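Asker: Dumping the structure here so I can ask a few things about it.
Residue numbers (the numbering used here), protein chains in the order written: chain S, 866 to 1372; chain D, 115 to 354.
See the structure below:
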């Protein structure tokens, strides 16, 4: 439940549903999404899916205890919590989520393709939009795999088919299942599951690029490379899924193939990291709260990414598989990193959403405790993993290979978790208090170039841009342009008569 | 998973090809001086709904390709016993072809603005589509009557699953069709439904293609195929 809620219902929904719906029309200069009615249905279907999932806490047997991977046969056998109603509700809720998402996703893609304002070519889009756009394409193509497996597993559970269920003996009784393939489920699940990682990561990449450029007052380094890296990561993410299945007994050559593709995908990802660092290089860095979160993201993402190189290799993965090392890896790379970006993005766009600034001191306190606290939580887990402490157990006792110090470490992790968790209350308090008492933000508090900061009203009124839509004359990253007095030029500012561009070639 | 990979490679290749065409040789950091130089937005010259339908067809393709992939992989199991596809499905296929033809005819009529033909064509396409769906249900009934229950064998389960998925997609199409037909009945304006008719036509042809692929798959499945024992499916599975 924890994993599924966080990955699908929180991060996917927040990045694409939340930031996507808010930022796409504002950033591309549109009045609204192209299919507003479908968008509304998408929201209600999503809400229905969430309610179904929450209802599973209250049905007989409780919610499913199968972990976010929902592997059969365990997920639907007696002895697993929620093997009857819990798992059915989870699967049906997922199916509804996917239907709702498909409606929303169609909207995002078509809006980005068709509703851009005059002058807003694809290559003038802020990287936030690129990230959301590519992530949506991935989600549209990958979610059907989860849909198919959810439906097939529902049939296995409710109607006794044997898609995934092998012949089983339970309590001395032969169950009615026969010959199904649990590995088939793993293939389908991870065919969705791996792109899902990038569905969460790509919008985060995009948003962090914009945060860094704005708060370092510098154009993003290698914009074109950044776009191509997003596209490349998107394409590659579909051919790496089996690296989650090295221990499933696959043909060694498949393992080799998937290890290779996994390592290849590190190339465009590393390229993005270099470009973020090079954007910061000699920039006019303002250590605002969004910037702190963006820099925190780079650190955490590099940490999590490096352990990914370990796990991507078959021989290293086998002993580490299902240990706390894996927990540390994926929490660093796809839980903490995107969440840091979510926080950064909220601190960055809150002034546009509400017209008021968030409190800076509380924000900095929130950042430092969250950032350092998550390291206190996840860093020790790497060592626990090396010891061989397995994941998914709530208590490990009576084993020789786990020394007493590991238990002390676990206790320390729990304390750190409680601290980090309670500090989030400060963030929520900040959100609520600033809504009423925050400093008025004005239209463009960060002096950013992109269109959402150039609206006639803050917060933007219905139709976003007043009577006429803006025309776009330049890319999104004209910060500290040489020879220009202001250190930024908004995208919709027409060129001066004597533009100071030195790079321009005569054409 | 080979099937779905091939399909997705094709889709991704299209996406990447389009994106690269948009992005190569573009230097966004260079300012364009005269306002006339500001290019348009580079949108596709199509109404948004059509682009939306195109994207949706890509999603549906991914879905059906995954189902077919799962079919191939599960077929390797030792317990697979291919069922005898009911003969009535040939009739249904005929109905779906006729439905598609009627849709195309309607579309041509809508283009030329012949309102009576649009009406007749829409009704005919809808009737044939409903015939197809009824025929599918009748096929299920036949299978049940002859003992091919859903849970008895994975081949049966897949038969029901594939036909149901296709049927549900057709039902979705019929909803749009119903709205268009109702509109046609209320007003004499052909412009009001032209776009709906065009969308329906594309969708109908697409679903016909999907059905032909599924039907061919069901027919061509050899009576008994078993090269892997269930224990080794992990190794054999992904290769097919």
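For every residue, glycine included, the Cβ atom is placed at its ideal position computed from N, Cα and C.
Source: prediction; values computed, not measured.
(1) Using the Cβ count rule (16 or more neighbours within 10 Å means buried), how would you classify residue 811 (chain S)?
(2) Quick check: what's the CA-CA separation for residue 385 (chain D) versus residue 1125 (chain S)?
(3) Chain S partners of residue 126 (chain D), CB-CB under 7 Å?
(4) Tell me which residue opens and which closes the alpha helix (DSSP H) that residue 922 (chain S) is part of.
(5) In chain order, what residues of the stretch 117-142 of chain D put their CB closer than 9 Å to some CB of chain S?
(6) Quick one: which residues of the stretch 1056-1076 of chain S get their C-beta closer than 8 Å to a C-beta of chain D? List them in chain order.
(7) Leaving out five residues on either side along the sequence, give the residues of the same chain with a beta carbon under 7 Å from the beta carbon of residue 221 (chain D).
(8) Whose C-alpha, out of S:1304, S:1128, S:1329, S:1137, is nearest the C-alpha of residue 1176 (chain S)?
(9) Quick check on residue 988 (chain S): buried or exposed, where buried means 16 or more other Cβ atoms within 10 Å of its Cβ?
(10) Any Cβ of chain S within less than 9 Å of the Cβ of residue 187 (chain D)?
(11) Within 10 angstroms of its Cβ, does residue 905 (chain S) collect 16 or more other Cβ (buried), or is it exposed?
(12) Can you tell me whether residue 1035 (chain S) is buried or exposed? The criterion is at least 16 other CB atoms within 10 Å of its CB, across all chains shown.
(13) For a minimum of 3 consecutive residues, which ranges assigned as the beta strand (DSSP E) are wholly contained in the stretch 1267-1351 of chain S?
(14) Can you say whether residue 874 (chain S) is buried or exposed, counting buried as having 16 or more other CB atoms within 10 angstroms of its CB?
(15) In terms of residues, what are the limits of the alpha helix (DSSP H) holding residue 1046 (chain S)?
(16) Is the distance from the Cβ of residue 951 (chain S) to the Cβ of residue 928 (chain S) below 9 Å?
(17) I'd like to know whether the C-beta of residue 1329 (chain S) is nearer than 9 Å to at least one C-beta of chain D.
(18) In chain S, what lies closer than 7 Å to residue 177 (chain D) by C-beta?
(19) Given this structure, state the Cα-to-Cα distance separating residue 333 (chain D) from residue 199 (chain D), to the nearest angstrom.
(20) Rounded to the nearest angstrom, what separates residue 1027 (chain S) and residue 1084 (chain S) at their Cα positions?
(21) Could you have a look at residue 1086 (chain S) and say whether DSSP puts it in helix, strand or coil?
(22) What are the boundary residues of the alpha helix (DSSP H) that residue 333 (chain D) is part of?
(23) Using a 10 Å radius around the Cβ and a threshold of 16 neighbouring Cβ atoms, would you call residue 1257 (chain S) buried or exposed?
(24) Per the DSSP calculation, residue 1039 (chain S) is bridged to which residue(s)?
(25) Would you say residue 310 (chain D) faces chain S, with C-beta separation under 9 Å as the test?
(26) Can you give me the start and stop residues for the alpha helix (DSSP H) that residue 1182 (chain S) sits inside?
(27) Can you check the stretch 154-232 of chain D for any beta strand (DSSP E) of at least 3 residues that lies completely inside it and give the ranges in chain order?
(28) Using a cut-off of 7 Å between C-beta atoms, extract the partners of residue 192 (chain D) located in chain S.
(29) Are the CB atoms of residue 157 (chain D) and residue 1312 (chain S) within a distance shorter than 9 Å?
(30) Looking at the structure shown, is residue 1353 (chain S) part of a helix, part of a strand, or coil, going by DSSP?
(31) Sorted by chain position, which residues of the same chain lie with C-beta nearer than 7 Å to residue 216 (chain D)'s C-beta, five sequence neighbours on each side aside?
(32) Tell me whether residue 1221 (chain S) sits in a helix, a strand or coil according to DSSP, three-state version.
(33) Put residue 901 (chain S) into one of helix, strand or coil per three-state DSSP.
(34) Thinking just about the alpha-carbon of each residue, which of S:1133, S:1094, S:1242 is nearest to the one in residue 134 (chain D)?
(35) By a C-beta neighbour count over all protein chains shown, 10 Å radius and 16 as the cutoff for buried, is residue 1217 (chain S) buried or exposed?
(36) DSSP three-state call for residue 1155 (chain S): helix, strand or coil?
Answerer: Let me lay it out:
(1) One cannot answer for residue 811 (chain S) here, as it falls past the ends of chain S, which runs 866 to 1372.
(2) Shown here, chain D extends from 115 to 354; a query on residue 385 (chain D) therefore has no answer.
(3) 1100, 1103
(4) That residue, residue 922 (chain S), is in no alpha helix (DSSP H); it is neither H nor E in DSSP.
(5) 118, 119, 122, 123, 125, 126, 127, 129, 130, 133, 134, 136, 137, 138, 140, 141, 142
(6) 1056
(7) 311, 312, 315
(8) S:1128
(9) buried
(10) yes
(11) exposed
(12) exposed
(13) none
(14) buried
(15) Segment: none, residue 1046 (chain S) is in no alpha helix (DSSP H) and carries neither H nor E.
(16) yes
(17) no
(18) 1009, 1012, 1013
(19) 7 Å
(20) 56 Å
(21) coil
(22) 305-334
(23) exposed
(24) S:1034
(25) no
(26) 1179-1185
(27) none
(28) 1044
(29) no
(30) strand
(31) 235, 238, 239, 242
(32) strand
(33) helix
(34) S:1094
(35) buried
(36) helix
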